[in-house]
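**Q**
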Amino acid sequence: MVGMGRQRRFLRALVAVVLLGLARPLVALRPLKERASAVAGAWGEEPLFLRRDENEFNSYSPWNITGTYRGHWSFLDVTNGSSRFLEFGKSSGISVLELVSTPTKIRGVHYVQGSITFHDVFDNEHDHGVAQMRLEGVYICPFRKLRMIANSVSNDEPLQEEDYFLSNPYHLLGAFSSQVLQESARDKIRRKSLAYDMEKHCHIEIAAQVSRISSSQNDGNHELYHLEGLMEGPALHGDGECFSSILLNATSLNIEAYYNKAVNYTLMVTFISFLQVLLLIRQMEHSNTQSGAAKVSIIMIGQQAIMDAYLCLLNLTAGILVESLFNAFATAAFFKFVVFSIFEMRYLLAIWKASRPMNNGESWEIMRRELSVLYSRFYGILLGGILVLYQLHNYLRPVLLVMYSFWIPQIITNVIRDTRKPLHPYYIVGMTITRLAIPFYIFGCPSNFLRIEVDNYWCIYLGLFLGLQALVLLLQHYLGSRCFIPRQILPEKYCYYRKFENDSSQATDCVICMNTIDFMQHSNGYMVTPCDHCFHSGCLQRWMDIKMECPTCRRSLPPA
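The sequence shown runs -28 to -1, 1 to 532 under mature numbering (1 follows the signal peptide of the UniProt record, and there is no 0).
Here it is in structure tokens:
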């Protein structure tokens, strides 16, 4: 009887070994997503690892590794870092993994789906060194092991857990920045074709160990995980490797902290918009007369209004795309809309009215027709600029340099008209600083929420370019609008301080202040117009700030 019992136990063990050996090749013939159910069908609801002590599976706590992981990739052998399909420009770079983990019927095993993105991959002849591929695999909870392979599914096919990516601000804002700020259609097609070639000819697999970061290394309110593993790519036809082994090292991101970054950006935009409103009010008070408004370049104000309109549209688009951040981005878009539609458009209209020739017999119908032409041109340029930016979004930096040359029209206007002090110094300095804040954040902040790579040299160049324009305006304000132009090439300018020939024996009064003009004083004490009317210097200068016409005969006056 004892021998019969031993024989039965031996046969049971042999059958179990045979079934276990046959199950793996049979399951391997099915898609990875269906393998879990196949194994579950063979062993029912039993654990994956047969004949293990039940307490061993009750001792672990399941980790939800769903999330976005950011870290670095590097070749295991730096001296032999090569690939058949990708021209690696560097031996290391940034990697981003986005994983979605779902439990299966097998206790202790989760099905994992996602993607991995490698930065700094291509050589310098390409604009954006990014390679991306889809992944799927399993996560074995008791041993904290992650095994994944490249998925040959088309990149246009949605993921099983697409809802996670549609609610992840890190993923959505990264897609937004690649569409609006960085990646062109040509780069996207090239990236997809390279990933498809690799998945077609290579068996790409990732083996990683998952560990949890202690609460002392984070804020203690969120569980963060760390992935460390190896990515290999043996060829399917057995002729070597497709690329050298790559070390992966990534840590999960705190999405709430990333959410806070976006909120801080919107607070910055709101504060900047508030400052710009104050600066515009100060400038409108500085040029509240017809003569003062006529000195301001309408192109300069219109260019800034278009920039604010684009920022309003971009913030509103980002808010619609990322639903969880809609309130924050909508607030920033609202303040930009206030700056653009209320203050800048009102100032634009005041400048246009001051620059028009005054005709007493002009009807309201003619003025309304000209006003409609002005608005048609402005909004036509605004909408046409959107199409141009869409076509040239791959050349974003040169386009931004053109947009940030908004002080140049005012500099040219000052030189041509020889105007004096058209802009308040506070407005010049304040607008220069506030306009630089957003591009400095996007291209100069290493932790910006749009995940744009830092370009310090371009930020310095943009700052010097706009700062030089502001410096020229300040020099024109204090030293004269033509101070940097040689006198030899300037046209002859009328001199208001010429000697006045008073033939009559009676004293001459200033018709502005009704006081007598003392011709015995220095010649700078009075000014003489081309129509031979004499006034006090201070009186005429204050008058010319309001009207460029003679107070006595109403003839137009040349610039002083």
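Beta carbons: idealized from backbone N, C-alpha and C, even for Gly.
1) Check for me: the alpha helix (DSSP H) holding E228 runs from which residue to which?
2) Would you decide whether P458 is buried or exposed? Buried here means 16 or more other CB atoms lie within 10 Å of its CB.
3) Decide yes or no for the touch test of the stretch 302 to 311 against the stretch 237 to 257: beta carbon pairs closer than 8 Å, at least 3 of them.
4) Report buried or exposed for Y136, applying the criterion of at least 16 other Cβ atoms within 10 angstroms of its Cβ.
5) Near N27, what residues of its chain come up, given a Cβ to Cβ distance below 8 Å and the 5 sequence neighbours on each side ignored?
6) Just the C-alpha distance for S64 and S46, rounded to the nearest angstrom, thanks.
7) Relative to the C-alpha of S186, which residue among S224, S259, S216 and P206 is closest?
8) To the nearest angstrom, how far is it from the Cα of K308 to the Cα of L283?
9) Restricting to Cα atoms, I'd like to know which of L250, M272, I66 and L71 is closest to I218.
10) Would you mind giving the Cβ-Cβ distance between G439 and L251, rounded to the nearest angstrom? I have them listed as a contact below 8 Å.
11) R42 bridges to which residues according to DSSP?
12) Compute the Euclidean distance between the alpha carbons of A322 and A265, then round it to the nearest angstrom.
13) Output needed for Q248: all residues of its chain with C-beta closer than 6 Å, excluding positions within five of it in sequence on either side, in chain order.
14) Hey, could you find the ends of the alpha helix (DSSP H) C511 is sitting in?
15) Among residues of its own chain, excluding the 5 on either side of R184, which ones have a beta-carbon nearer than 7 Å to its beta-carbon?
16) Between E337, R318 and F437, which has its C-alpha nearest M256's C-alpha?
17) Give the straight-line distance between the Cα atoms of N299 and M516, rounded to the nearest whole angstrom.
18) Here's the rule: buried if 16 or more other CB atoms are within 10 angstroms of the residue's CB, otherwise exposed. What is E502?
19) On the DSSP letters alone, give me the boundaries of the alpha helix (DSSP H) that Q411 sits inside.
20) Would you identify the three-state DSSP class for V426, choosing helix, strand or coil?
21) Thinking just about the alpha-carbon of each residue, which of P206, S216, A179 and E213 is nearest to the one in E200?
22) Take W324 and list the residues in its own chain whose beta-carbon comes closer than 7 Å to its own, dropping the five residues that flank it on each side.
23) Do I273 and G357 come within 8 Å of each other at the CB atom, strictly closer than that value?
24) Tell me the residue span of the alpha helix (DSSP H) that contains Q276.
25) Taking Cβ positions, are I484 and S263 nearer each other than 8 Å?
26) Helix, strand or coil for Y197 per DSSP?
27) At a cut-off of 7 Å, would you count M279 as near the ligand HEM, judging by its Cβ distance to the nearest heavy atom?
28) In this structure, how does DSSP classify M339 when only helix, strand and coil are distinguished?
29) Helix, strand or coil for R470? Go by DSSP, reduced to three states.
30) Residues in its own chain within less than 6 Å of F456 by CB, not counting five upstream and five downstream?
31) For D95, does the count of other Cβ atoms within 10 angstroms reach 16, so buried, or fall short, so exposed?
**A** According to the data block:
1) I227 to H258
2) exposed
3) yes
4) Unreliable placement is indicated for Y136, whose pLDDT of 48 sits below 50; the coordinate value is still reported in the next sentence. Burial call: buried.
5) Legend: pLDDT at N27 = 47, less than 50; position of this residue unreliable, no value from coordinates given.
6) 4 Å
7) S224
8) 7 Å
9) I66
10) In fact, because the Cβ distance is near 17 Å, the residues do not count as touching under 8 Å.
11) V68 and T223
12) 7 Å
13) V311 and T406
14) S509 to M516
15) W35, E195 and Y197
16) R318
17) 49 Å
18) Before going on, a small fix: residue 502 reads as Pro here, not Glu. Classification for P502: exposed.
19) It is worth fixing the name first, because residue 411 is Pro in this sequence and not Gln. Counting along the chain, the alpha helix (DSSP H) containing P411 begins and ends at P397 to G416.
20) coil
21) A179
22) I270 and L346
23) no
24) I270 to L293
25) no
26) strand
27) Questions concerning the ligand HEM fall outside what the structure shown contains, since it holds no ligand whatsoever.
28) helix
29) coil
30) none
31) For D95, the predicted structure reports a pLDDT of 49, less than 50, and the residue's modelled location is therefore unreliable. A value from the coordinates is still provided. The residue in question, D95, is exposed, as its Cβ has fewer than 16 Cβ neighbours within 10 Å.
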